[in-house]
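Please read the structure below before turning to the comments.
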Amino acid sequence: MQRLHQLALSDEGFVFDPQTGDSFQVSETGMAVLHALKAGRSDEETAQQLVADFDVSLEEARRDCTDFRSQLKNFGLA
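So this is what it looks like as C-alpha coordinates:
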(Lines of atoms letter the chains of each structure in order from A and count residues from 1; the text may use other names and numbers.)
(Lines give C-alpha, C1' and ligand atoms only; values in the text may rest on other atoms or scores of the structure.)
Protein backbone atom coordinates (compact mmCIF):
# COMPACT_ATOMS: atom_id res chain seq x y z
CA MET A 1 0.00 0.00 0.00
CA GLN A 2 2.96 2.35 0.50
CA ARG A 3 3.36 2.75 -3.24
CA LEU A 4 -0.35 3.48 -3.62
CA HIS A 5 -0.02 6.44 -1.26
CA GLN A 6 2.81 7.86 -3.37
CA LEU A 7 0.70 8.05 -6.52
CA ALA A 8 -0.07 11.54 -7.77
CA LEU A 9 -3.67 11.92 -8.95
CA SER A 10 -5.00 14.68 -11.19
CA ASP A 11 -8.59 15.84 -11.45
CA GLU A 12 -8.59 14.77 -15.10
CA GLY A 13 -7.96 11.11 -14.28
CA PHE A 14 -4.21 10.95 -14.81
CA VAL A 15 -2.15 8.96 -12.33
CA PHE A 16 1.62 9.30 -11.95
CA ASP A 17 3.84 6.82 -10.14
CA PRO A 18 6.93 8.78 -9.02
CA GLN A 19 8.75 5.57 -8.12
CA THR A 20 8.78 4.26 -11.69
CA GLY A 21 7.96 7.36 -13.73
CA ASP A 22 4.95 5.55 -15.20
CA SER A 23 1.73 7.40 -15.83
CA PHE A 24 -1.67 6.13 -16.82
CA GLN A 25 -5.25 7.26 -17.07
CA VAL A 26 -8.23 5.89 -15.17
CA SER A 27 -11.97 6.38 -15.48
CA GLU A 28 -13.97 8.61 -13.17
CA THR A 29 -14.95 5.52 -11.20
CA GLY A 30 -11.33 4.37 -11.01
CA MET A 31 -10.31 7.78 -9.73
CA ALA A 32 -12.99 7.62 -7.03
CA VAL A 33 -11.71 4.19 -5.96
CA LEU A 34 -8.10 5.41 -5.87
CA HIS A 35 -9.02 8.41 -3.72
CA ALA A 36 -10.94 6.13 -1.35
CA LEU A 37 -8.06 3.66 -1.07
CA LYS A 38 -5.56 6.43 -0.43
CA ALA A 39 -7.89 7.71 2.31
CA GLY A 40 -7.89 4.26 3.93
CA ARG A 41 -11.54 3.44 3.24
CA SER A 42 -12.62 -0.18 3.07
CA ASP A 43 -13.96 -1.74 -0.12
CA GLU A 44 -17.46 -1.68 1.39
CA GLU A 45 -17.21 2.02 2.24
CA THR A 46 -15.89 2.70 -1.24
CA ALA A 47 -18.71 0.72 -2.85
CA GLN A 48 -21.28 2.67 -0.83
CA GLN A 49 -19.71 5.92 -2.03
CA LEU A 50 -19.81 4.74 -5.65
CA VAL A 51 -23.53 3.99 -5.28
CA ALA A 52 -24.07 7.51 -3.95
CA ASP A 53 -21.97 9.21 -6.65
CA PHE A 54 -22.74 7.12 -9.73
CA ASP A 55 -25.76 5.36 -11.19
CA VAL A 56 -24.71 1.84 -10.15
CA SER A 57 -26.09 -0.89 -7.94
CA LEU A 58 -24.29 -1.89 -4.76
CA GLU A 59 -23.42 -5.25 -6.34
CA GLU A 60 -21.85 -3.56 -9.37
CA ALA A 61 -19.97 -1.10 -7.15
CA ARG A 62 -18.57 -3.95 -5.05
CA ARG A 63 -17.47 -5.77 -8.19
CA ASP A 64 -15.84 -2.60 -9.54
CA CYS A 65 -13.90 -2.15 -6.29
CA THR A 66 -12.72 -5.75 -6.27
CA ASP A 67 -11.74 -5.70 -9.95
CA PHE A 68 -9.91 -2.38 -9.68
CA ARG A 69 -8.01 -3.48 -6.58
CA SER A 70 -6.98 -6.66 -8.45
CA GLN A 71 -5.65 -4.54 -11.30
CA LEU A 72 -3.69 -2.41 -8.86
CA LYS A 73 -2.17 -5.56 -7.34
CA ASN A 74 -1.21 -6.80 -10.81
CA PHE A 75 0.71 -3.55 -11.32
CA GLY A 76 2.30 -3.80 -7.87
CA LEU A 77 0.46 -0.74 -6.59
CA ALA A 78 -1.68 -2.29 -3.85
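Be aware that the sequence shown starts at 867, since it is given in this note's numbering, and climbs by one per residue.
C-beta atoms are modelled at their ideal positions from N, C-alpha and C, and glycine is treated no differently.
With a cut-off of 8 Å, do at least 3 Cβ pairs link the stretch 898-911 to the stretch 926-944? yes
If you reduce the DSSP assignment to three classes, tell me which class Ser-876 lands in. coil
What does the alpha-carbon distance come out to for the pair Val-899 and Gln-868? 16 Å
Rounded to a whole number of angstroms, what is the C-alpha to C-alpha distance between Ser-876 and Cys-931? 20 Å
Please work out which residues of its chain come closer than 7 Å, Cβ to Cβ, to Phe-934, disregarding the five sequence neighbours upstream and downstream, and give them in chain order. Gly-896, Val-899
If contacts are defined as beta-carbon pairs under 8 Å, then Phe-880 and Ser-889 qualify, I think. What distance do you get, rounded to the angstrom? 6 Å
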